[in-house]
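Peer 1:
There are 4 protein chains.
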Amino acid sequence: MLNFSLMGAGRIGKMHAGIIDAHPDCKIKFIYDINKDFVNELSSKYAATVAASSDEALASDDIDAVLIASATPTHTEFITKGSGAGKAIFCEKPIDLDINKVNECREAIKNTTVPIQIGFNRRFDNSHRKLQQAKVANEIGKLEMLIITSRDPEPPGIDYLKAAGGFFRDTTIHDFDLTRFILGDDPVVQISAFGDALFDKNSQQVKDLDTAMFILKSKKGVLIHINNSRRAVYGYDQRVEVFGSKGMVISNNQTPTSLERYTNTSTNEKEPIHFFFIERYEQAYRDQFNEFVKCVEDKTKPLVGFEDGRNALIIANAAYQSFESGKVIDIKF
Amino acid sequence: MLNFSLMGAGRIGKMHAGIIDAHPDCKIKFIYDINKDFVNELSSKYAATVAASSDEALASDDIDAVLIASATPTHTEFITKGSGAGKAIFCEKPIDLDINKVNECREAIKNTTVPIQIGFNRRFDNSHRKLQQAKVANEIGKLEMLIITSRDPEPPGIDYLKAAGGFFRDTTIHDFDLTRFILGDDPVVQISAFGDALFDKNSQQVKDLDTAMFILKSKKGVLIHINNSRRAVYGYDQRVEVFGSKGMVISNNQTPTSLERYTNTSTNEKEPIHFFFIERYEQAYRDQFNEFVKCVEDKTKPLVGFEDGRNALIIANAAYQSFESGKVIDIKF
Amino acid sequence: MLNFSLMGAGRIGKMHAGIIDAHPDCKIKFIYDINKDFVNELSSKYAATVAASSDEALASDDIDAVLIASATPTHTEFITKGSGAGKAIFCEKPIDLDINKVNECREAIKNTTVPIQIGFNRRFDNSHRKLQQAKVANEIGKLEMLIITSRDPEPPGIDYLKAAGGFFRDTTIHDFDLTRFILGDDPVVQISAFGDALFDKNSQQVKDLDTAMFILKSKKGVLIHINNSRRAVYGYDQRVEVFGSKGMVISNNQTPTSLERYTNTSTNEKEPIHFFFIERYEQAYRDQFNEFVKCVEDKTKPLVGFEDGRNALIIANAAYQSFESGKVIDIKF
Amino acid sequence: MLNFSLMGAGRIGKMHAGIIDAHPDCKIKFIYDINKDFVNELSSKYAATVAASSDEALASDDIDAVLIASATPTHTEFITKGSGAGKAIFCEKPIDLDINKVNECREAIKNTTVPIQIGFNRRFDNSHRKLQQAKVANEIGKLEMLIITSRDPEPPGIDYLKAAGGFFRDTTIHDFDLTRFILGDDPVVQISAFGDALFDKNSQQVKDLDTAMFILKSKKGVLIHINNSRRAVYGYDQRVEVFGSKGMVISNNQTPTSLERYTNTSTNEKEPIHFFFIERYEQAYRDQFNEFVKCVEDKTKPLVGFEDGRNALIIANAAYQSFESGKVIDIKF
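Residue numbers (the working numbering), protein chains in the order written: chain Z, 535 to 867; chain Y, 535 to 867; chain W, 535 to 867; chain C, 535 to 867.
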């Protein structure tokens, strides 16, 4: 049995609480949050103890692992202290929005041997994963193009936007990680980024973007396109396409049911695709946690580690450089 | 160059006129129709001669072949006279609605050597044909089930209904022939037929049906299902499914374009499928004629002959027997 | 908290045990099975008590409800005794293979007020249910045709076949129930049945069937087609199509992922559909149980009751009469 | 009746000859080509006269219109002379590979009133055109993203490559024009281009590219992505996607038949899509010619004029500038 401290009892913390609790080998021992209402409610639901301090939650002898789902600026501190106390760490993305803080944390944890997993959930989606496996198995031959379409159903509120660190670091960072996952040992070396705030007043107000497009190039010459929007009225649009010398594999969108409608004006009409990440990546969230538990139990290395979190942020930063300068930027990890 | 007489200048005659005219090796020499306006208009369009009589059209030394697209009751006479005069015959389905007249005609032409092709156009549709080839090539293994969905977009007028000979002989006859085409040398031996006039007032008035379902069984035990309707609001629904020990092949519906729409209420929405047989089977009509011309030029046997026309009618008659008696009927050819 | 006795610790009993255990309001108190190994293993897994006798399991004061997943011949006895003891009953399909035993049970329980739900899981599948709702909401206008394709991936072993009561009572019974679910208050009144043992040696040996087709007609004239096979190499083929005056709705097959492959010989290639009912109807099994628990808690009538189980069996019996006589059979409930 | 001179009797000239000949209002009067075998064969097939010189073909009193399908370097001369002689001009794309020659031609014809149409056939494809109409009709709301996937089935030979003017001017130019067609009065203002010769030895040898990706931005902020390959093993991949505030419309790929295969390893498998442009854009080639004839007969302006040809070339040139400099380039028309 693995005992957990859960850092953060907000929206994403609640989701993780449900996942930990449902795992037959895991128990939530402590929950920590600065919001007393949130932490009391969640602790009572899962019969967990409200941690008196973050330090208690991170270093108690009663726990084996820490799941960090608190506000982004707390991530590096919690990673450092938790791993320093010998606890296995699962940390939601991003590690931090500031590469300097990430680098300091990296330095601080360089000798740790506990598993540290970053929450890039899409790597665990069955469809995306099978696409990646098809690429690895050489099914499409030599990879030449990768195309990721990733659009949210609706923009977040202005408070979220203010804290999110910008569209590329908050949203596209998932696609940058997915790109790295699919490319494997072939690193991206260049990026060109475009974007605009075309429709969302909140994004316009905080000088963020709501629409973006990217081209990246890998060392071996693979061309990668990513496009993002903060609003797709038909649902959470998540498509991945790999194209190579022997063919193409697409991980396509998914609808909640397999219904098709035929009327006098249309045929083959399906329902809107899954509304958002909670619905679309339910299996992925569960499986990334199962995988983390396995790493802890088997003392193996996580599939998505601290370096993956750092590298995705470096690409996001290069994307901003390109967007601001109007130039193709060389990416240095 | 093959010179044709065209018997019949109505809707289906006009369509065939266009097909003959477009063929580089063919010319319309005579057109015959009892409706003077129709025949004059069509003859002038294709620079053909208005035949003074059906006999002139059928026996003139100037012609090589006769395309019969006149009213059904004239078919057997025109087949007999035309083939008697040594002309190759292409005759629209059905040969006749009365099996006795068909049998008399069969007797009359038993010694003819000219090609006689019946207009079961669906055998020439590229998709249905590839499905049949997949079956022949043993792609699906041993055939076990065949399912045909065949629904018109809208009911015909009452005048058409009065002359059409009933739903099974007019419409399902195409599906009976398609069944025989796909089964190959395994004849159907039993049939059970259901039907009703559920919505079409004209069908109700003339005691015809607008909705029907059939099960047939072949000698080797293959089960066949056919369903028909006179009104599908989304277009001309034409699907064929073969199922066997190694898999399934479906010849699915077709839309005029490859457009897909995504809105806040639906995804993957395509346009209505092709409206009716003229649009859906354009390629099939053209290719059945090309095939006929090839038979005449190469002196080979047509792919769909007089016996096919007769056998489809025999199945339709057995279907009526089943429908009226509430029993499974043994089919005798 | 609802305490359950689980009758039967075989394959389907194990599946239900997992579902009961996962429900936050439910607990397995007793498990009964004549197979000591099965019952010991399952009881230990869920910390349940091995019932000393079926009577203890059915009548203990410690339990509120009985889930019957034992061999079919025990169903009526367990229903009668359990409901007689005031326990809510969830019973797997079929109630029994013998209509006389079903009628005796019906008589015995006629005054009971406890909820009795029969395990026709497909009614709870999200896609099939939305199709039924679309019909109820008049989306397709007046229903005219219903087509159910229902094919297992592979035949069961001979022991299963010997006890199963025949293809129509074991397998098609689900489709008969689905038909009744979709038709609502319009009862089926006629049936014509065809079948054969085309490929499965075990089915041939026990004089059962492996391939079947049916046409049913409802009081209002709706035509229904069902086709069944015991072996579809591409997976568990489960399709439902409703066709009416204003359009068509299809509940189509489902693949585990949304992957599509494109090669030099094919495009749009998806994975095989779900292998069998455990995978395909996972959500439906869970939701039918949730619904049952709700009925018990809210003291409401189950969505699928004893009469539904009996009526489906009556249709299956009529199907056998038709199959054996070669006649269309009138169905009397 | 419109009498045509056809300039060029090579592959694309032959295709156009067939289209002119099939048009009921058109006749090929002269054919000109420096290759005597080609011109003799084609002239004899269509009973046309072999033009003694290009001047005869362009200026004969017997002709009304000129279809230019000769080598690219001859286009501007033939446009200038033909239109100077008062003939309507249909010219295959591109006008020329050198913007200076295009500008000289533009100056030379600035006072002409004859219709001059450029062969950007894709604007006439029924699916792409309906997508554009959906955008114009505001079906997707405000356009925010446009994504074009355009991949050839196999690379051309080295001789073609040497004369083609580079991947962007030869191939992507179609996508640049399609972009302009869909954007309507909102001009593209920026471009970022990436490319490589990843697999084609001939492209490598002549320092051309076989794989490319682009991002363009319009004045109103619309982001456009284009990706190209010279080799897609599954056929001629031609997809267009428009995304906006109210939804998305996709013009998807097309297969020759509507066959779907199901086996023990795959489902929904379709045939490879159309092999190449001759098959995929057959309807578009025919309709662009019909449209041209209508312009001539009705004395209206062509839907795709000289300026469209010039503007597409200007974008292609900017794309090369971006590719070579690693910078985002401002496009000036």
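The C-beta atom is built at its ideal place from N, Cα and C for all residues, glycine as well. As the structure is a computational prediction, the values presented were derived from the model and not from experiment.
Please classify Y:Leu680: does DSSP put it in a helix, a strand, or coil?
Peer 2: By 1-based counting over the second sequence, the position of residue 680 of chain Y is 146. Note: Y:Leu680 maps to strand in three-state DSSP.
Peer 1: Let me know the secondary structure DSSP gives Z:Ala746 once reduced to three states.
Peer 2: Position 212 of the first sequence holds residue 746 of chain Z. Here Z:Ala746 sits in strand by DSSP.
Peer 1: Could you pull the start and end residues of the beta strand (DSSP E) that Y:Lys561 belongs to?
Peer 2: For this step, residue 561 of chain Y is matched to residue 27 along the second sequence. Start and end: 560–566.
Peer 1: Can you give me the start and stop residues for the alpha helix (DSSP H) that C:Ser526 sits inside?
Peer 2: Only positions 535 to 867 of chain C appear in this structure, which leaves residue 526 of chain C out of reach.
Peer 1: Could you tell me the distance, in whole angstroms, from the CA atom of Z:Ser785 to the CA atom of Y:Pro628?
Peer 2: Counting from one through the first sequence, the residue named residue 785 of chain Z turns up at place 251. Counting from one through the second sequence, the residue named residue 628 of chain Y turns up at place 94. Each residue's Cα considered, the two are about 49 Å apart.
Peer 1: Looking at the C-beta of W:Leu712, does it have a partner C-beta in chain Y at a distance below 8 Å?
Peer 2: By one-based count along the third sequence, residue 712 of chain W stands at place 178. Not one chain Y Cβ lies under 8 Å of W:Leu712.
Peer 1: For W:Thr745, go through chain Y and note every residue whose CB falls closer than 8 Å to its CB, in chain order.
Peer 2: Here residue 745 of chain W refers to the residue found at position 211 when the third sequence is read from its first residue. Near W:Thr745 (Cβ distances below 8 Å), the residues of chain Y are Glu678, Met679, Gly755, Leu757.
Peer 1: Tell me whether Z:Met535 sits in a helix, a strand or coil according to DSSP, three-state version.
Peer 2: In the first sequence, the residue the question calls residue 535 of chain Z occupies position 1. Three-state result, Z:Met535: coil.
Peer 1: If we cut at 8 Å on Cβ distances, does C:Val862 have a partner in chain Z?
Peer 2: As a first step, residue 862 of chain C is located in the fourth sequence; it is residue number 328 there, counting from the start. Yes, contact with chain Z.
Peer 1: Along chain C, in chain order, which residues have C-beta atoms closer than 7 Å to that of W:Ile807?
Peer 2: If you number the third sequence from 1, residue 807 of chain W lands on position 273. The answer, in chain order, is Thr801.
Peer 1: So for C:Ile758, helix, strand or coil by DSSP?
Peer 2: Within the fourth sequence, residue 758 of chain C is the residue found at index 224, counting from 1. It is a strand residue.
Peer 1: Please classify C:Ser587: is it buried, with 16 or more other beta-carbons within 10 angstroms of its beta-carbon, or exposed?
Peer 2: Position 53 of the fourth sequence holds residue 587 of chain C. By the neighbour-count rule (16 or more Cβ atoms within 10 Å), C:Ser587 is not buried but exposed.
Peer 1: Taking 8 Å as the cut-off, decide whether the C-beta atoms of Z:Pro687 and Z:Gly769 are in contact.
Peer 2: Position 153 of the first sequence, counted from the start, is the residue given in the question as residue 687 of chain Z. Position 235 of the first sequence, counted from the start, is the residue given in the question as residue 769 of chain Z. Contact flag set, yes.
Peer 1: Taking C:Ala766 as the reference, which of Z:Asp555, Z:Gly781, Z:Val670, Z:Gly653 has the closest Cα?
Peer 2: Taking the first residue of the fourth sequence as 1, we reach residue 766 of chain C at position 232. Selected option, being the one with the closest Cα: Z:Gly781.
Peer 1: Starting from the Cα of Z:Pro836, find the closest Cα among Z:Glu858, Z:Val740, Z:Arg814, Z:Asn824 and give me that residue.
Peer 2: What you label residue 836 of chain Z is simply residue 302 of the first sequence in a count that begins at 1. If we check each option's Cα against that of Z:Pro836, Z:Asn824 comes out closest.
Peer 1: Would you mind telling me which residues of chain W sit closer than 8 Å to Z:Thr791, beta carbon to beta carbon, in chain order?
Peer 2: One-based indexing of the first sequence puts residue 791 of chain Z at position 257. Residues of chain W passing the Cβ test: Asn660, Ser661, Lys664, Ser785.
Peer 1: Whole angstroms are fine: how far does the CA of W:Ile682 sit from the CA of C:Lys833?
Peer 2: Stepping through the fourth sequence from its first residue, residue 833 of chain C is reached at position 299. Stepping through the third sequence from its first residue, residue 682 of chain W is reached at position 148. Each residue's Cα considered, the two are about 58 Å apart.
Peer 1: In this structure, does DSSP put Y:Ala818 in helix, strand or coil?
Peer 2: As a first step, residue 818 of chain Y must be located in the second sequence, where it is residue number 284. Residue state, collapsed to three classes: helix.
Peer 1: For W:Gly616, report the span of its alpha helix (DSSP H) as first-last.
Peer 2: Position 82 of the third sequence, counting from 1, holds the residue named residue 616 of chain W. Its alpha helix (DSSP H) spans residues 609–618.
Peer 1: Tell me whether C:Gly699 sits in a helix, a strand or coil according to DSSP, three-state version.
Peer 2: Working through the fourth sequence from its first residue, we reach residue 699 of chain C at position 165. C:Gly699: coil per DSSP, three-state reduction.
Peer 1: Whole angstroms is fine: what's the gap from C:Asp632's alpha carbon to C:Asp589's?
Peer 2: Taking the fourth sequence and counting its residues from 1, the one referred to as residue 632 of chain C is at position 98. Taking the fourth sequence and counting its residues from 1, the one referred to as residue 589 of chain C is at position 55. Each residue's alpha carbon lies about 23 Å from the other.
Peer 1: Just to confirm, are C:Ala818 and C:Arg656 a CB contact at a threshold of 8 Å?
Peer 2: Start at 1 with the first residue of the fourth sequence, and residue 818 of chain C comes out as number 284. Start at 1 with the first residue of the fourth sequence, and residue 656 of chain C comes out as number 122. Contact flag set, yes.
Peer 1: Could you check how far apart the C-beta atoms of Z:Asn605 and Z:Tyr566 are, in whole angstroms? I think they sit under 8 Å.
Peer 2: Numbered from 1 along the first sequence, position 71 holds the residue referred to as residue 605 of chain Z. Numbered from 1 along the first sequence, position 32 holds the residue referred to as residue 566 of chain Z. Reading the sequence as shown, one finds Ala at residue 605 of chain Z and not Asn. Incorrect: roughly 12 Å between the Cβ atoms, too far for contact.
Peer 1: Between the segment 757–779 of chain C and chain W, which residues of the former have CB atoms less than 9 Å from a CB of the latter, in chain order?
Peer 2: The segment 757–779 of chain C vs chain W, Cβ under 9 Å: Ala766, Val767, Tyr768, Gly769, Asp771.
Peer 1: If you follow the beta strand (DSSP E) that Z:Val722 is in, where does it begin and where does it stop?
Peer 2: For the purposes of this step, residue 722 of chain Z is identified with residue 188 of the first sequence, where counting begins at 1. Segment 722–730, the beta strand (DSSP E) holding Z:Val722.
Peer 1: According to DSSP, W:Lys866 sits in a beta bridge with which residue or residues?
Peer 2: Here residue 866 of chain W corresponds to residue number 332 of the third sequence, with the count starting at 1. According to DSSP, W:Lys866 bridges with nothing at all.
Peer 1: Taking CB distances under 8 Å as the criterion, tell me whether Z:Lys804 reaches chain Y.
Peer 2: Here residue 804 of chain Z refers to the residue found at position 270 of the first sequence. Yes - at least one Cβ of chain Y is within 8 Å of the one on Z:Lys804.
Peer 1: Is the CB-CB distance between W:Val722 and W:Lys751 below 8 Å?
Peer 2: Walking along the third sequence from the start, residue 722 of chain W turns up at place 188. Walking along the third sequence from the start, residue 751 of chain W turns up at place 217. Yes, they are a contact pair.
Peer 1: In terms of residue numbering, what span does the alpha helix (DSSP H) encompassing Y:Asp711 cover?
Peer 2: In the second sequence, the residue the question calls residue 711 of chain Y occupies position 177. That run of the alpha helix (DSSP H) goes 707–717.
Peer 1: Find out if the Cβ-Cβ distance for the pair Z:Phe564, Z:Ala582 is shorter than 8 Å.
Peer 2: Here the question's residue 564 of chain Z lines up with position 30 in the first sequence. Here the question's residue 582 of chain Z lines up with position 48 in the first sequence. Yes.
Peer 1: Per DSSP, which one or two residues make a beta bridge with Y:Gly781?
Peer 2: As a first step, residue 781 of chain Y must be located in the second sequence, where it is residue number 247. Bridge partners of Y:Gly781: Y:Gly778.
Peer 1: Is the CB of C:Thr683 under 8 Å away from at least one CB in chain W?
Peer 2: Walking along the fourth sequence from the start, residue 683 of chain C turns up at place 149. Chain W, which has no Cβ nearer than 8 Å to the Cβ of C:Thr683, makes this no.
Peer 1: Which partner residues of C:Thr801 appear in the DSSP bridge assignment?
Peer 2: By one-based count along the fourth sequence, residue 801 of chain C stands at place 267. In the DSSP output, where bridge partners are listed per residue, C:Thr801 has W:Lys804.
Peer 1: Residues in the same chain with beta-carbon distance under 7 Å from Y:Phe733, minus the five sequence neighbours each way, listed in chain order, please.
Peer 2: Stepping through the second sequence from its first residue, residue 733 of chain Y is reached at position 199. Asp744, Arg765.
Peer 1: Using a beta-carbon distance below 8 Å, is Z:Tyr796 in contact with chain Y?
Peer 2: Here residue 796 of chain Z is taken as the residue at index 262 of the first sequence, counted from 1. Answer yes: the Cβ-Cβ gap between Z:Tyr796 and chain Y drops below 8 Å somewhere.
Peer 1: Could you tell me which of Z:Asn762, Z:Gly729, Z:Lys676 sits nearest to Z:Asp720, measuring between CA atoms?
Peer 2: As a working note, residue 720 of chain Z is residue 186 in the first sequence. The shortest C-alpha separation from Z:Asp720 is found at Z:Lys676.
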